[in-house]
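Below: one structure, written as structure tokens.
2 protein chains.
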Amino acid sequence: MTTERRPYRREAEDLRREALISAALDLVAEGGPKAATVRAIAEKAGVTAGLIRHYFNSKDELVRESYRHLMDRMTADNALVLEDASGNPEARLARFVAASLLPPVVDPTRLGLWAGFLHGVQKDPQIRKVHVHTYLVYRDLLQSLIADLPRAVSPETLRANAIACNGVIDGLWMEASAVPEMFEDGEILRIGLTAVGAILGVDLLRAHVPHPEGPT
Amino acid sequence: MTTERRPYRREAEDLRREALISAALDLVAEGGPKAATVRAIAEKAGVTAGLIRHYFNSKDELVRESYRHLMDRMTADNALVLEDASGNPEARLARFVAASLLPPVVDPTRLGLWAGFLHGVQKDPQIRKVHVHTYLVYRDLLQSLIADLPRAVSPETLRANAIACNGVIDGLWMEASAVPEMFEDGEILRIGLTAVGAILGVDLLRAHVPHPEGPT
DNA sequence: ACTTCAATTCTTCAAGTGTGCAATAGGGGG
DNA sequence: CCCCCTATTGCACACTTGAAGAATTGAAGT
């Protein structure tokens with residue numbers, strides 16, 4: 002009755018952790034939170050279920066780590082656009098807004114992922130903390146770009162502007178990700194730039210230079 | 002060995018269906034999608050689990066019906082504000098926007114509920130259909146209010162305006178619902194009215210009359 | 001080559017999952 | 001008042017779930 006044991010390789014700790022986390026994220030994205038069972042995660046990571054508990058104290062801890070991982074990546078994606086500091090303030094802001102309203106940021110999978118964790122944001126204090134942090138980092142980034150515009154506004158107005166622009170961007174991101182076929186190509190981007198421009202009193206549509214980088 | 006049977010009352014079909022649906026919604030709101038098990042739903046509805054399958058062909062069908070129910074209620078809530086047709090177009094629009102950015106529409110529970118179904122929106126065609134329908138009803142409502150403003154704009158601009166305003170409202174609704182403590186009292190409302198006004202080129206803040214109805 | 005130790009697998013467990021179905025009892029129609 | 005219909009219960013089934021721990025393996029150190 003000696004069933005043969007599956008051969009395996011030892012991997013560096015962080016490699017395995019990352020494989021498990023990314024397997025968990027994939028599953029949540031594809032099948033919602035309930036699809037991310039320990040067994041499914043293990044299988045997708047090419048490993049047996051017990052191993053999860055070797056790297057994480059519980060499944061919940063793995064889930065928390067996954068959320069942190071996801072948000073870190075999103076933050077990094079956003080910051081990436083700012084590395085190119087060329088152009089006037091309007092162009093830089095337009096580039097930032099555009100990045101949030103185009104693939105790969107606009108993406109049904111990401112929306113599903115994000116929604117899958119939203120309940121945790123409300124119930125688990127640690128997850129909530131990560132959420133708030135990510136939100137504020139993004140908004141501060143936006144606010145600093147807005148502050149660079151050639152306008153003279155009070156700090157209160159600046160804050161209100163940042164919150165409002167963040168709102169439009171989030172709302173459009175959500176709708177474009179949820180039901181892309183409802184909008185024409187480039188429509189959401191055009192509407193977003195126009196709206197943010199209207200809120201701030203600048204012409205972002207004209208300031209926007211379409212393809213700073215990207216595939217042909 | 003005759004175990005005694007729990008006493009029960011027979012109820013009208015629609016009463017029971019509604020009780021089961023509202024139990025399911027409560028559970029999703031409180032504990033996320035995974036909390037809505039047949040047993041938990043039945044218990045909350047004061048009934049045994051087997052009965053669910055008497056009224057619904059499967060648990061999935063109950064979930065779908067629950068989503069439809071939820072969205073119908075939200076649509077009805079929104080339409081309610083429009084029954085009062087008094088005031089100029091600006092005031093009516095402002096009242097509509099305000100309704101979406103204040104309790105009970107802004108509410109962590111509703112956000113949780115909404116997020117709990119979002120995965121279904123992407124995977125289940127029937128749920129997606131309900132989602133799209135609800136979204137379009139809301140946006141058309143908004144668009145008709147915008148069309149009443151004393152401005153002359155092209156149909157394309159009107160559509161773009163409606164999408165943009167819907168975006169701000171959705172985004173702010175989400176953020177205010179997710180982390181209310183990040184904003185001061187009334188701040189989101191003020192920002193929302195200002196932003197929508199800026200997009201449309203009208204002064205909604207001044208047009209807004211604070212309390213059309215509501216508690217003292 | 002031998003030991004040692006951590007990494008990984010495998011087995012087990014108790015609880016919980018949706019579904020199918022026979023038995024029962026509540027209550028309206030005769 | 002009784003009878004019948006069916007709404008409702010209760011339970012069994014086949015699976016899945018997260019967790020725990022014992023057993024086995026690979027590789028690094030000497």
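First to last, the protein sequences are chains A and B.
For the first sequence, our numbering puts the final residue at 217, and the numbers step up evenly by one.
For the second sequence, our numbering puts the final residue at 217, and the numbers step up evenly by one.
Glycine included, C-beta positions come from ideal geometry on N, C-alpha and C.
The structure presented is a predicted model; accordingly, all values stated were derived computationally and were not measured.
Nearest residue (CA-CA) to residue i, options the options
i                : options                                   : result
Leu142 (chain A) : A:Cys166, A:Ile128, A:Thr158 and A:Arg129 : A:Cys166
Gly168 (chain A) : B:Pro105, B:Leu150 and B:Ile192           : B:Ile192
Leu102 (chain B) : B:Tyr9, B:Thr195 and B:Leu190             : B:Leu190
Leu63 (chain B)  : B:Ser23, B:Leu94 and B:Lys45              : B:Ser23
Val122 (chain B) : B:Leu206, B:Asp108 and B:Met72            : B:Met72
Asn162 (chain A) : B:Ser145, B:Val39 and B:Ala196            : B:Ala196
Asp15 (chain A)  : A:Pro181, A:Glu31, A:Pro34 and A:Tyr56    : A:Tyr56
Pro181 (chain A) : A:Leu112, A:Pro211, A:Arg74 and A:Arg6    : A:Leu112
Asp61 (chain A)  : A:Pro126, A:Ala86 and A:Leu83             : A:Pro126
Arg17 (chain A)  : A:Arg40, A:Ile164, A:Gly47 and A:Pro8     : A:Gly47
Arg11 (chain A)  : A:Ile42, A:Ala36, A:Thr49 and A:Thr38     : A:Thr49
Ala199 (chain A) : A:Ile53, A:Glu91 and A:Pro8               : A:Glu91
Glu19 (chain B)  : B:Ala36, B:Gly33, B:Glu188 and B:Ile53    : B:Ile53
Trp115 (chain A) : A:Leu206, A:Glu185, A:Ala208 and A:Asp27  : A:Asp27
Pro105 (chain A) : A:Ala95, A:Asn89 and A:Asn79              : A:Asn79
Leu209 (chain B) : B:Glu157, B:Arg65, B:Phe184 and B:Ala100  : The sequence given here places His at residue 209 (chain B); Leu does not occur at that position. Selected option, being the one with the closest Cα: B:Ala100.
Short CB-CB distance (under 9 Å) between residue i and chain A
i                : result
Asn167 (chain B) : yes
Gly32 (chain B)  : yes
Ala199 (chain B) : yes
Gly113 (chain B) : yes
Phe184 (chain B) : yes
Glu188 (chain B) : yes
Val64 (chain B)  : no
Val180 (chain B) : yes
His13 (chain B)  : One detail in the question is off: residue 13 (chain B) reads as Ala in this sequence, not His. Ala13 (chain B) does not count as touching chain A.
Ala148 (chain B) : no
Ala196 (chain B) : yes
Arg6 (chain B)   : no
Pro216 (chain B) : Note on Pro216 (chain B): pLDDT 40, under 50, position unreliable in the model; no value is reported.
Chain B within 9 Å of residue i, Cβ atoms only
i                : result
Arg207 (chain A) : no
Val203 (chain A) : no
Ala41 (chain A)  : no
Thr76 (chain A)  : no
Ala25 (chain A)  : no
Thr49 (chain A)  : no
Chain B residues whose Cβ lies nearer than 8 Å to that of residue i
i                : result
Ile192 (chain A) : Ala161, Ile164, Ala165 and Gly168
Lys35 (chain A)  : Pro34 and Lys35
Pro109 (chain A) : Gln123
Three-state class that DSSP yields for residue i in the structure shown
i                : result
Tyr68 (chain A)  : helix
Gly51 (chain A)  : helix
Tyr9 (chain B)   : coil
Arg93 (chain A)  : helix
Arg176 (chain B) : A small fix is needed here, since residue 176 (chain B) is Glu in this sequence, not Arg. Of the three classes helix, strand and coil, the one that applies to Glu176 (chain B) here is helix, per DSSP.
Arg129 (chain B) : helix
Gly215 (chain A) : In this predicted model, Gly215 (chain A) has a pLDDT of only 44, less than 50, meaning its place in the structure is not dependable; the value taken from the coordinates is given anyway. Of the three classes helix, strand and coil, the one that applies to Gly215 (chain A) here is coil, per DSSP.
Ser57 (chain B)  : Note on identity: in this sequence residue 57 (chain B) is Phe, with Ser being the wrong assignment. It is coil, neither helix nor strand.
Leu83 (chain A)  : coil
Val210 (chain B) : coil
Asp27 (chain B)  : helix
Ser155 (chain B) : coil
Asp78 (chain A)  : helix
Ala46 (chain A)  : coil
Pro104 (chain B) : coil
Thr110 (chain A) : helix
Ala196 (chain A) : helix
Met2 (chain A)   : Note that Met2 (chain A) scores 42 on pLDDT, short of 50, meaning its location in the model is unreliable; the coordinates nonetheless yield the value given after this. It is coil, neither helix nor strand.
Glu19 (chain A)  : helix
Asp141 (chain B) : helix
Val135 (chain B) : In the sequence on display, residue 135 (chain B) carries Thr and not Val. Helix at Thr135 (chain B).
Ala221 (chain A) : Since the displayed chain A opens at 2 and closes at 217, residue 221 (chain A) lies outside it and no answer follows.
Gly202 (chain A) : coil
Per-residue contacts from residue i into chain A (C-beta, under 9 Å)
i              : result
Met1 (chain B) : This structure does not reach residue 1 (chain B), given that chain B is present from 2 up to 217, and the question cannot be answered.
Residues that residue i contacts on chain B, provided the C-beta gap is smaller than 7 Å
i               : result
Lys60 (chain A) : Those within 7 Å of Lys60 (chain A) in chain B number zero; the least Cβ separation is about 12 Å.
Chain B contact residues for residue i, given Cβ-Cβ distances below 9 Å
i                : result
Pro104 (chain A) : Simply none; closest approach about 16 Å.
Worksheet item: Quick one, which residues of the segment 117 to 136 of chain B are near chain A if we go by CB-CB under 9 Å, in chain order?
Response: Gly117, Phe118, Leu119, His120, Gly121, Val122, Gln123, Lys124, Arg129, His132, Val133 and Tyr136
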